[in-house]
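Data block below; observations after.
2 protein chains.
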Amino acid sequence: MQDGTFLSLDYPNVTTSKRGDVFARNCPTRQLLDRVGDKWSILLLGMLGEGEMRFSALKRRVDGISQKMLAQTLRTLERDGLITRHVEPTVPVSVTYAITPLGRELLGALQWLIDWAETRMSAVAQAQVAYDLRMAV
Amino acid sequence: MQDGTFLSLDYPNVTTSKRGDVFARNCPTRQLLDRVGDKWSILLLGMLGEGEMRFSALKRRVDGISQKMLAQTLRTLERDGLITRHVEPTVPVSVTYAITPLGRELLGALQWLIDWAETRMSAVAQAQVAYDLRMAV
Numbered sequence: 001m002q003d004g005t006f007l008s009l010d011y012p013n014v015t016t017s018k019r020g021d022v023f024a025r026n027c028p029t030r031q032l033l034d035r036v037g038d039k040w041s042i043l044l045l046g047m048l049g050e051g052e053m054r055f056s057a058l059k060r061r062v063d064g065i066s067q068k069m070l071a072q073t074l075r076t077l078e079r080d081g082l083i084t085r086h087v088e089p090t091v092p093v094s095v096t097y098a099i100t101p102l103g104r105e106l107l108g109a110l111q112w113l114i115d116w117a118e119t120r121m122s123a124v125a126q127a128q129v130a131y132d133l134r135m136a137v
Numbered sequence: 001m002q003d004g005t006f007l008s009l010d011y012p013n014v015t016t017s018k019r020g021d022v023f024a025r026n027c028p029t030r031q032l033l034d035r036v037g038d039k040w041s042i043l044l045l046g047m048l049g050e051g052e053m054r055f056s057a058l059k060r061r062v063d064g065i066s067q068k069m070l071a072q073t074l075r076t077l078e079r080d081g082l083i084t085r086h087v088e089p090t091v092p093v094s095v096t097y098a099i100t101p102l103g104r105e106l107l108g109a110l111q112w113l114i115d116w117a118e119t120r121m122s123a124v125a126q127a128q129v130a131y132d133l134r135m136a137v
């Protein structure tokens, strides 16, 4: 831990009074957008939105995620304050994840995106076929 | 172009009657979610939501995007039916991009995400500081 970490709790460029700008290269909002738009983040938040869940259950339910990617994404979500991690000192230890109020707020925003993707896939697929036909001429 | 492309216009697994499932590994919805959650896709759709724009203007306005990444993302967005590309046969040719109704629909969903990222960045930054302090103990 570096000296003065406590003093930097209020980042000068990310106070509540100043709104971020995702179009600006150096705005931390843009990195945030990239992280929360990540497929695995969205799927994990979606799962935890249904209730707290253990690591093994998340691994099973989010079809296709690797052990490493799951651990890494959960760590990022926890660091961003979107989920919490609770360790039960059993043998073996039982690790449970739960969504935070901030995470639930984000999930509310993401739900529009999930709904759009789930309902408009056929329109997108048709556009792709039309595009590929145009390009093939 | 392969034989029978016309016949596959209606993908058996992406009809309008069946809703996708982003949690299933092989559902095309998941790939779609990954593409539309991409930072550059979000920023470009956001820009084109304000009005049609030329390639050079997009390059200038979306701070930090490379020429290659811009061309590639625009192509994917066009193929997905989210934007259109119009070529004016001037010298040099002038290429203009515009959002489609489907793209505007997606942008409506993404706007919640952009708003969340722009307004909640400070809460996330504070969570990160707290996490780093816990990990440093």
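So the sequence lines, in the order shown, correspond to chains H and W. Just so you know, we're using full-length UniProt numbering here: the first sequence kicks off at 1 and counts up by one. Just so you know, we're using full-length UniProt numbering here: the second sequence kicks off at 1 and counts up by one. Every residue gets a Cβ at the ideal spot worked out from N, C-alpha and C, and that includes glycine.
Original post:
By the 10 Å Cβ neighbour count, where 16 or more other Cβ atoms means buried, how is R134 of chain W classified, buried or exposed?
Top reply: So R134 of chain W counts as exposed.
Subject >> Neighbour-count burial assignment, T90 of chain H, 16 or more Cβ in a 10 Å radius >> reply: By the Cβ neighbour-count rule, T90 of chain H is exposed, with fewer than 16 other Cβ atoms within 10 Å of its own.
Original post:
Taking the runs of the beta strand (DSSP E) that are 3 residues or longer, which of them lie wholly in the UniProt domain "HTH hxlR-type" (27-125) of chain W?
Top reply: List check, beta strand (DSSP E) in window: 83-88 and 94-99.
**OP:** Determine, using beta carbons only, whether Y97 of chain H and R60 of chain H come nearer to each other than 9 Å.
**Re:** The answer is no: Cβ separation not under 9 Å.
Subject >> chain W contact residues for G81 of chain H, given Cβ-Cβ distances below 8 Å >> reply: Simply A123, V124, Q126, A127, Q128, A130 and Y131.
Original post:
Which class does K132 of chain W belong to by DSSP, given the choice of helix, strand or coil?
Top reply: The sequence given here places Asp at residue 132 of chain W; Lys does not occur at that position. In the structure shown, D132 of chain W sits in a helix (DSSP, three-state: H, G or I).
Original post:
In three-state DSSP terms, what is A127 of chain W?
Top reply: Residue state for A127 of chain W is assigned as helix, using DSSP reduced to three classes.
Original post:
By Cβ distance, which residues of its chain are closer than 7 Å to M69 of chain H, with the 5 residues on each side in sequence left out?
Top reply: Correct list, in chain order: W40.
Original post:
Whose C-beta lies closer than 8 Å to the C-beta of S94 of chain H among residues of the same chain, with five residues either side of it excluded?
Top reply: For S94 of chain H, where only same-chain residues beyond five positions count, the Cβ hits under 8 Å are R54, V87 and E88.
**OP:** Could you please tell me which residues of the stretch 47-74 of chain H, in chain order, have their CB closer than 8 Å to any CB of chain W?
**Re:** Under the 8 Å Cβ criterion, the stretch 47-74 of chain H contributes M47, R61, V62, D63 and G64.
**OP:** Tell me whether T100 of chain H counts as near the ligand NAP, meaning its Cβ is closer than 8 Å to at least one heavy atom of that ligand.
**Re:** Here there are no bound small molecules, and the ligand NAP is not part of this structure.
Original post:
Is the stretch 98-113 of chain H in contact with the stretch 15-35 of chain H, if contact means three or more CB pairs nearer than 8 Å?
Top reply: The stretch 98-113 of chain H vs the stretch 15-35 of chain H: no contact.
Original post:
What does I99 of chain W touch in chain H if you count any residue whose Cβ is under 9 Å from its own?
Top reply: By Cβ distance, chain H contributes nothing, its closest Cβ being about 13 Å from I99 of chain W, past 9 Å.
Original post:
Can you name, in chain order, every residue of its own chain whose Cβ lies under 6 Å from the Cβ of S66 of chain W, other than the five neighbours on each side?
Top reply: There are no such residues.
**OP:** Can you pull the chain H residues whose beta carbon is under 7 Å from the beta carbon of E78 of chain W, in chain order?
**Re:** Those within 7 Å of E78 of chain W in chain H are Y131.
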